[in-house]
Amino acid sequence: MTVTSEKPRLDHTHVRDLLKAMIRIRRFEDKCAELYTQQKIRGFLHLYDGEEAIAVGVIPLLEDKDRLVATYREHGHALARGVPMGAVLAEMYGKAEGCAGGRGGSMHLFSRDHNFYGGNAIVGGGLPLATGLALADRMQGSDAVTACFFGEGAVAEGEFHEAMNLAALWGLPVLFVCENNGYAMGTALAISEAETDISVKARSYGIESSVVDGMDVVAVEAAGRKALKAIATTGKPQFLECRTYRFRAHSMFDAQLYRPKEEVEEWRAKGPIVRFQTWLLENGLLHENEVTALIAEVDAEISEAVAFAEAGQDEPIADLTRFVTAPDRPDPPVMEPPGKTMTTTYREAVKAAITDAMERDDRVFLMGEDVGRYGGCYAVSKGLLDRFGPDRIRDTPLSESGFTGAGIGAAIAGMRPIVEVMTVNFSLLALDQILNTAATFRHMSNNQFGVPVVIRMATGAGRQLAAQHSHSLEGWYAHIPGLRVLAPATLEDARGMLWTALQDPDPVLIFENVMLYNREGDLAENAGPVDIDRAAIRREGTDVSLITYGGSLWKTLDAAEALAADGISAEVIDLRTLRPLDLPTILTSVSKTRRAVIVDEGWKTGSLAAEIGMRLAEEAFWELDAPLARVCSAEVPIPYAAHLEQAAIPQTDRIDETVRAVMEAKP
Numbered sequence: 001m002t003v004t005s006e007k008p009r010l011d012h013t014h015v016r017d018l019l020k021a022m023i024r025i026r027r028f029e030d031k032c033a034e035l036y037t038q039q040k041i042r043g044f045l046h047l048y049d050g051e052e053a054i055a056v057g058v059i060p061l062l063e064d065k066d067r068l069v070a071t072y073r074e075h076g077h078a079l080a081r082g083v084p085m086g087a088v089l090a091e092m093y094g095k096a097e098g099c100a101g102g103r104g105g106s107m108h109l110f111s112r113d114h115n116f117y118g119g120n121a122i123v124g125g126g127l128p129l130a131t132g133l134a135l136a137d138r139m140q141g142s143d144a145v146t147a148c149f150f151g152e153g154a155v156a157e158g159e160f161h162e163a164m165n166l167a168a169l170w171g172l173p174v175l176f177v178c179e180n181n182g183y184a185m186g187t188a189l190a191i192s193e194a195e196t197d198i199s200v201k202a203r204s205y206g207i208e209s210s211v212v213d214g215m216d217v218v219a220v221e222a223a224g225r226k227a228l229k230a231i232a233t234t235g236k237p238q239f240l241e242c243r244t245y246r247f248r249a250h251s252m253f254d255a256q257l258y259r260p261k262e263e264v265e266e267w268r269a270k271g272p273i274v275r276f277q278t279w280l281l282e283n284g285l286l287h288e289n290e291v292t293a294l295i296a297e298v299d300a301e302i303s304e305a306v307a308f309a310e311a312g313q314d315e316p317i318a319d320l321t322r323f324v325t326a327p328d329r330p331d332p333p334v335m336e337p338p339g340k341t342m343t344t345t346y347r348e349a350v351k352a353a354i355t356d357a358m359e360r361d362d363r364v365f366l367m368g369e370d371v372g373r374y375g376g377c378y379a380v381s382k383g384l385l386d387r388f389g390p391d392r393i394r395d396t397p398l399s400e401s402g403f404t405g406a407g408i409g410a411a412i413a414g415m416r417p418i419v420e421v422m423t424v425n426f427s428l429l430a431l432d433q434i435l436n437t438a439a440t441f442r443h444m445s446n447n448q449f450g451v452p453v454v455i456r457m458a459t460g461a462g463r464q465l466a467a468q469h470s471h472s473l474e475g476w477y478a479h480i481p482g483l484r485v486l487a488p489a490t491l492e493d494a495r496g497m498l499w500t501a502l503q504d505p506d507p508v509l510i511f512e513n514v515m516l517y518n519r520e521g522d523l524a525e526n527a528g529p530v531d532i533d534r535a536a537i538r539r540e541g542t543d544v545s546l547i548t549y550g551g552s553l554w555k556t557l558d559a560a561e562a563l564a565a566d567g568i569s570a571e572v573i574d575l576r577t578l579r580p581l582d583l584p585t586i587l588t589s590v591s592k593t594r595r596a597v598i599v600d601e602g603w604k605t606g607s608l609a610a611e612i613g614m615r616l617a618e619e620a621f622w623e624l625d626a627p628l629a630r631v632c633s634a635e636v637p638i639p640y641a642a643h644l645e646q647a648a649i650p651q652t653d654r655i656d657e658t659v660r661a662v663m664e665a666k667p
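Under full-length UniProt numbering, the sequence shown has 323 at position 323, and the numbering climbs by one with no breaks.
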């Protein structure tokens with residue numbers, strides 16, 4: 001980023017470029033509105049009509065290396081950034097030639113070539129992403145800036161405040177640009193916000209903030225120059241509140257019953273194009289024939305874009321699942337034969353994995369609540385702050401969505417963050433970022449951006465922590481395409497899964513059962529990465545397949561031991577990876593034993609156990625000699641009282657009883 005002057009140079013070429021850029025956005029969107037009425041563009045269509053001065057005033061100031069995060073009203077941002085108009089329109093047509101292969105549509109334009117990280121249809125969702133992109137640049141020693149555009153409706157979201165706090169706390173080079181059009185969707189700012197001066201909200205976090213007339217392209221450019229120069233000087237975030245107005249509806253579905261037509265017309269009279277064009281003509285900086293000529297240039301470009309989109313091809317249905325995950329994954333790790341063993345704990349195995357990863361790769365860092373000075377809620381990261389320093393062992397505020405989104409952004413920008421969420425229940429506060437960004441980014445951007453982030457969290461019950469700290473929700477996450485979900489149960493997996501996960505090009509979630517941290521055992525001193533693609537047979541058997549994972553593995557093995565005393569040979573499968581499931585290993589086992597019991601700490605309704613059972617019904621029904629059975633948690637929030645908590649979750653005796661019932665069942 002190099003901004004040499006805070007004042008725009010209003011020579012003939014520059015003013016013509018400014019006017020043309022605004023007219024180009026306006027007339028393009030006028031055409032989009034027409035195409036929408038013809039049903040050539042579908043879904044939601046949010047037009048930028050009236051706000052052109054903001055994109056045109058700020059975005060051309062950015063360098064190629066700078067990053068841009070937009071909101072769902074992002075056609076103007078994409079065009080101002082240089083994304084080809086034809087590719088933008090083809091995307092809105094849903095064509096393979098679109099800038100995201102037709103997978104994102106109007107609200108999700110992407111372009112890796114232009115460092116354009118997409119529009120975000122989740123209000124405020126792009127703010128944590130922007131902080132993460134900037135964090136990566138800061139950690140990598142780059143002087144790039146991330147510009148983040150959003151509407152005033154986003155300031156009501158928690159992610160706005162979490163992102164402001166993180167950017168200020170860590171001194172990140174983010175230019176936050178609030179396009180305040182006064183109405184969010186259809187609710188006026190005065191109705192939705194106790195404090196309507198948005199710049200005050202940003203200033204409360206110690207971020208230097210300015211208010212600018214968003215209908216004046218020269219004022220916007222001057223403010224943008226000043227802000228970017230300040231970032232270059234201080235490295236700290238800047239905030240611009242651009243007060244503007246959208247002339248059209250929130251989206252093309254909107255009847256605009258919430259505002260009078262007279263108000264719209266009053267704003268149109270002082271719109272950015274008419275205002276700037278009138279000033280140029282009155283002062284002789286441009287002439288009518290020049291304006292006519294540039295409109296002709298724009299119209300010709302729009303005609304070419306329409307022809308390009310009209311000629312676009314539909315992506316083959318055969319490619320429907322293409323790029324849900326990366327097409328190329330690393331080969332399974334080479335595992336050395338185990339050497340001399342040492343006695344250790346699951347907790348120390350996880351800690352050794354984090355230590356090893358950080359020593360191997362400077363891009364790896366750990367971030368999360370109390371991971372540094374406190375040493376981690378479960379003492380997994382104790383001592384790592386002294387070893388690696390606060391830049392790489394990064395304590396975060398209690399803002400799960402904010403720091404998880406920041407980790408996702410940092411991963412997209414080339415870092416390898418390990419994000420620790422204290423407990424699985426807390427992860428629901430970050431579900432938006434995990435589901436709507438991490439899991440969708442590769443597919444929605446047509447493989448332009450991957451998210452190689454690792455998110456660790458504690459799961460499960462047994463420590464009398466009551467309902468809000470004790471649930472097993474990993475099956476929920478295993479429901480989401482685009483994620484890889486791991487559940488290490490052994491010391492070897494606790495030690496080795498993390499390194500393999502960090503080599504994965506897609507987001508990986510690791511669920512560590514709270515009852516395993518103190519588990520002690522022998523671990524090879526040369527223990528290294530493990531294959532995360534395969535389930536493991538932990539005990540061979542011939543009569544029944546017991547399918548489980550995580551903390552329930554050891555209870556299941558104990559049950560198998562008890563069953564063996566009565567001549568029942570149980571084969572125990574440790575799933576290890578909950579998404580994608582290693583179905584071949586499961587089917588091979590069940591084809592041999594012809595019976596199956598699934599043990600899952602999740603609730604029975606909608607459980608992972610239900611999914612596995614249905615897969616077996618679909619693909620191995622004729623191999624079964626008895627009905628399928630499962631042992632799950634009771635359909636209650638996990639209680640506090642010890643006897644009730646133990647009764648609520650799978651136990652060895654319940655597994656034993658269920659297996660015996662299956663063995664007695666008639667085919």
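Cβ atoms here follow ideal geometry from the backbone N, Cα and C, with glycine treated the same way.
DSSP on residue i, reduced to helix/strand/coil?
i: Met-358; result: helix
i: Val-83; result: coil
i: Asp-213; result: strand
i: Met-252; result: coil
i: Glu-520; result: strand
i: Leu-18; result: helix
i: Ile-649; result: coil
i: Gln-238; result: strand
i: Ser-552; result: helix
i: Ala-489; result: coil
i: Ser-427; result: helix
i: Leu-10; result: coil
i: Arg-456; result: strand
i: Ala-232; result: helix
i: Glu-512; result: strand
i: Val-540; result: A small correction: the amino acid at residue 540 is Glu; Val does not occupy that position in the sequence shown. DSSP places Glu-540 in coil when its eight states are reduced to three.
Starting from the Cα of residue i, find the closest Cα among the options and give me that residue.
i: His-161; options: Ile-302, Glu-400, Gly-521, Leu-587; result: Glu-400
i: Gln-433; options: Gly-126, Val-58, Glu-601; result: Gly-126
i: Asn-165; options: Ala-80, Arg-112, Glu-635, Thr-396; result: Thr-396
i: Tyr-245; options: Tyr-48, Ala-223, Arg-576, Gly-57; result: Tyr-48
i: Ala-53; options: Val-145, Ile-231, Leu-240, Glu-221; result: Glu-221
i: Val-218; options: Gly-339, Glu-159, Glu-336, Asp-17; result: Asp-17
i: residue 670; options: Glu-97, Gly-158, Arg-203, Glu-619; result: Within the shown structure, residues of the chain are numbered from 1 to 667, placing residue 670 beyond reach of any answer.
i: Trp-622; options: Leu-285, Val-662, Val-590; result: Val-590
i: Gly-182; options: Ser-204, Phe-150, Arg-203; result: Phe-150
i: Val-380; options: Asp-656, Val-350, Ile-568; result: Val-350
i: Ile-418; options: Tyr-72, Thr-344, Gly-475, Asp-504; result: Asp-504
i: Asp-566; options: Glu-657, Thr-585, Met-415; result: Glu-657
i: Ser-545; options: Met-515, Arg-594, Ser-445, Leu-553; result: Arg-594
i: Ser-470; options: Phe-426, Phe-449, Ala-70; result: Phe-426
Near residue i, what residues of its chain come up, given a Cβ to Cβ distance below 7 Å and the 5 sequence neighbours on each side ignored?
i: Gln-464; result: Tyr-640, Ala-642, Glu-645
i: Ile-295; result: Ile-23
i: Ile-408; result: Leu-129, Gly-132, Gln-433, Thr-437, Ala-438, Val-451, Val-453
i: Lys-201; result: Val-155, Glu-195
Taking 6 Å as the limit between beta carbons, can you name the residues of its chain near residue i, skipping five residues before and five after?
i: Trp-499; result: Ala-357, Pro-529
i: Ala-167; result: Thr-131, Val-174, Pro-237
i: Thr-652; result: Lys-555, Asp-558, Ala-559
i: Leu-428; result: none
i: Arg-654; result: Val-631
i: Met-185; result: His-250
Please go through the same chain and pick out, in chain order, the residues whose beta-carbon is closer than 8 Å to the beta-carbon of residue i, but skip the five residues on each side of it.
i: Gly-43; result: Gly-105, Ser-106, Met-107
i: Asp-216; result: Ala-53, Pro-272, Arg-275, Phe-276
i: Arg-484; result: Thr-325, Ala-501, Asp-504, Asp-506, Pro-507, Val-508, Leu-509, Ile-532, Thr-577, Arg-579, Pro-580
i: Asp-361; result: Arg-416, Leu-502
Going along the chain, which unbroken runs of the alpha helix (DSSP H) with 4 or more residues stay wholly within the region 368-421? Counting only runs of 4 or more, we get 384-388, 400-412.
Is the region 488-503 close to the region 295-307, with three or more CB pairs under 8 Å? Proximity of the region 488-503 to the region 295-307 falls short of the contact definition, fewer than three beta-carbon pairs being nearer than 8 Å.
Where in the region 568-637 do unbroken runs of the alpha helix (DSSP H), each at least 4 residues long, occur, reported from the N-terminal end onward? 583-593, 608-619, all fully within the region 568-637.
Could you pull out every unbroken beta strand (DSSP E) segment of at least 3 residues lying fully inside the region 101-152, listed in chain order? Within the region 101-152, the complete beta strand (DSSP E) runs of at least 3 residues are 146-151.
Suppose only complete runs of 3+ residues qualify. What are the beta strand (DSSP E) ranges in the region 28-79, listed by chain order? Counting whole runs of 3 or more residues, the region 28-79 contains the beta strand (DSSP E) stretches 67-69.
Kindly provide the ranges of any beta strand (DSSP E) runs that are 3 or more residues long and lie completely inside the region 297-364, ordered along the chain. You should have 341-345.
Within the chosen definition, does the region 201-211 reach the region 90-102 through at least 3 CB pairs nearer than 8 Å? No, the region 201-211 is not in contact with the region 90-102.
Determine contact between the region 320-340 and the region 517-537, defined as no fewer than three beta-carbon pairs at a distance below 8 Å. Touching, yes.
Continuous alpha helix (DSSP H) assignments of at least 4 residues falling wholly in the region 244-294: The region 244-294 contains, as complete alpha helix (DSSP H) runs of 4+ residues, the segments 261-268, 272-282 (chain order).
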